[in-house]
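Worksheet for the structure shown next.
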Amino acid sequence: MARLVAALLLVALALPASAGTVTPDRADELRYIVRQDCGSCHGLRMTGGLGRAITPAALAGRDPDDLSTIILDGMPGTAMPGWRPLLSEDEARWIADYLLTQEP
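Just so we're aligned: the sequence shown equals residues -19 to -1, 1 to 85 in mature numbering (1 follows the signal peptide of the UniProt record, and there is no 0).
Following this line, the structure appears as structure tokens:
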């Protein structure tokens, strides 16, 4: 797990953090992060694994602001890490919206 976190940190440091809106290039990078990094625990199809399913159907009715907070701060007592050191609030909200509306 420590290696995974270190690798993710290196990848994130190489990616530009956005301030404000998410650019199309950054959106492509965030889609990649969702598929690869989130998929490593939530399943490559986002249908569950170590973490619960995060498909649009599984997240239906969830508030995007609450999901953004979970993305940024993690879930204590679970394996879900906080991504705040690696993502901006706008990026976390973009991911939350993406998870709610797009099939990964």
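Glycine residues also receive a C-beta, built at the ideal position from the N, C-alpha and C atoms.
Original post:
Hey, quick one: how far does the alpha helix (DSSP H) through Asp78 stretch, first residue to last?
Top reply: 70 to 82
Subject >> Residue burial classification, Ala60 (beta-carbon count within 10 angstroms, cutoff 16) >> reply: exposed
Original post:
Can you tell me the Cα-Cα spacing of Gly55 and Ala34, whole angstroms?
Top reply: 15 Å
Original post:
Can you tell me where the alpha helix (DSSP H) with Arg43 in it begins and where it stops?
Top reply: Careful: Arg43 lies outside any alpha helix (DSSP H) and carries neither H nor E.
Original post:
Using DSSP with H/G/I as helix, E/B as strand and the rest coil, what is Arg26?
Top reply: coil
**OP:** Inspect the beta-carbon positions of Ile51 and Ile76 and report whether they are closer than 8 Å.
**Re:** no
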